[in-house]
């Protein structure tokens, strides 16, 4: 039996508005938005008026002291994700957190420890996992119709002008956690890993070519998966023709995704070899179908999980796997060394900060 769950949004900027609209559109009878948090009174009042809320608070601590909640939805800048998540989990309130979930593996592991000690769960927004086409590809892989994966690419080629970084927390390791690898490419990289499985090792480079930031504006990585397949990843904020792409070359077909900020079934294509065309095309024509990727799709899954008293998607272990790959990309880029899964332990500077012991370029003051 479905229940209605009480949710508060923490942070009322652009992404919070998108979350609230998706909640209202896709799960209005299952997840009720009851309150919001923002220290900026004018922004908070505008959000409350827009979404018909009676109650708003200046801090998550004030929220947790005054509301009976099932979930908090963390839509703050990344620097506030860790403290907000830990506060909610210690209060026994479930957390849905925008990406990146933490500024470092060290902070993420503190969140994970709080989740393990809590009666509530921590989940990360990874909305592109939940489109029906991505699920269909996973099903086709499991059935064996595609054979084994050999080669893949995963590109986030976006454009952000200099004025984008006028927002104080952007482009700084201590507040954003990284550049396009951490804050933008994470969406495609997480979707890729949800399809192809765990990674094994990475060799990478990162560059600050154009933008006056402390973080990178471009990175490139060659990733070897546990399966033995290889993946090339590019993350850029310097690409005027913006596109988000995944390409998967299997034994029997190439599968491609071409979109920008979200996809439907029509954004995917499958190109089988002649000898496997009938079998591959029949599988591709199957179910599931019709579900676009997006926050609404994930909120539906969150409500389903709460109904079943199960951990909501995406759980701690899967979110950490993605974050560890991002840390490894930075570690390889800034040390010039190959980095393997598990190498970044608490003795590594890249466990404490994504820029580790420092970048090859000087920080801007």
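Residue numbers (the numbering used here): 121 to 485. Beta carbons: idealized from backbone N, C-alpha and C, even for Gly.
Contact between the segment 301–310 and the segment 383–400 (3+ Cβ pairs under 8 Å) | no
Nearest-angstrom Cα distance between residue 485 and residue 369?
-> Numbered from its first residue, the chain shown carries residue 485 at position 365. Numbered from its first residue, the chain shown carries residue 369 at position 249. Each residue's Cα considered, the two are about 44 Å apart.
Considering only the beta carbon of each residue, do residue 264 and residue 335 sit closer than 8 Å?
-> Stepping through the chain shown from its first residue, residue 264 is reached at position 144. Stepping through the chain shown from its first residue, residue 335 is reached at position 215. Not closer than 8 Å, so no.
Taking just the CA atoms, how far does residue 272 sit from residue 278?
-> For the purposes of this step, residue 278 is taken as residue 158 along the chain shown, with counting starting at 1. For the purposes of this step, residue 272 is taken as residue 152 along the chain shown, with counting starting at 1. Approximately 19 Å, taken between the alpha carbons.
To which residues does DSSP link residue 520 through a beta bridge?
-> Any property of residue 520 remains undetermined from this structure, which presents the chain solely from 121 to 485.
Decide if the segment 339–350 is in contact with the segment 219–234; the criterion is three or more beta carbon pairs, one per stretch, under 8 Å apart.
-> no
Check whether the Cβ atoms of residue 120 and residue 338 lie closer than 8 Å to each other.
-> The question about residue 120 has no answer, for the chain in this structure spans 121 to 485.
Starting from residue 369 and walking both ways along the beta strand (DSSP E), at which residues does that stretch end?
-> The residue given as residue 369 occupies position 249 in the chain shown. Residue 369 -> beta strand (DSSP E) spans 358–370.
What separation, rounded to the nearest whole angstrom, lies between the Cα atoms of residue 428 and residue 216?
-> On the chain shown, position 308 is the one that residue 428 refers to. On the chain shown, position 96 is the one that residue 216 refers to. Each residue's Cα considered, the two are about 17 Å apart.
Short check: CB of residue 419 to CB of residue 143, under 8 Å?
-> Your numbering for residue 419 matches position 299 in the chain shown. Your numbering for residue 143 matches position 23 in the chain shown. A contact, by the Cβ cut-off of 8 Å.
Count the C-beta pairs between the segment 443–461 and the segment 172–189 that are closer than 8 Å, then say yes if the count reaches three, no if not.
-> no
On the three-pair Cβ rule with 8 Å, is the segment 148–155 touching the segment 205–216?
-> no
Report the option in 145, 256 and 229 whose CA atom is closest to the CA atom of residue 402.
-> Residue mapping note: residue 402 aligns to position 282 of the chain shown, counting from 1. The option with the nearest alpha carbon to residue 402 is 256.
Which residue comes first and which comes last in the alpha helix (DSSP H) that contains residue 248?
-> For this step, residue 248 is matched to residue 128 along the chain shown. Here residue 248 belongs to no alpha helix (DSSP H), and DSSP marks it neither H nor E.
In chain order, what residues of the same chain lie with their CB nearer than 8 Å to the CB of residue 238, ignoring the 5 residues before and after it?
-> As a working mapping, residue 238 is identified with position 118 in the chain shown. Excluding positions up to five away in sequence, the list reads 209, 210 and 212.
8 Å Cβ cutoff met for residue 297 and residue 474 = Residue 297 sits at position 177 when you count from the first residue of the chain shown. Residue 474 sits at position 354 when you count from the first residue of the chain shown. Contact: yes.
Which of helix, strand or coil DSSP assigns to residue 273 | The residue given as residue 273 occupies position 153 in the chain shown. The answer is strand: DSSP assigns residue 273 an E or B state.
Below 8 Å on the Cβ atoms is my guess for residue 416 versus residue 146; work out the distance and round it to an integer in Å.
-> By one-based count along the chain shown, residue 416 stands at place 296. By one-based count along the chain shown, residue 146 stands at place 26. With a Cβ gap of about 3 Å, residue 416 and residue 146 count as contacting.
Where do the ends of the alpha helix (DSSP H) carrying residue 452 lie?
-> Along the chain shown, read from residue 1 onward, the residue named residue 452 stands at position 332. Element bounds for residue 452: 436–455.
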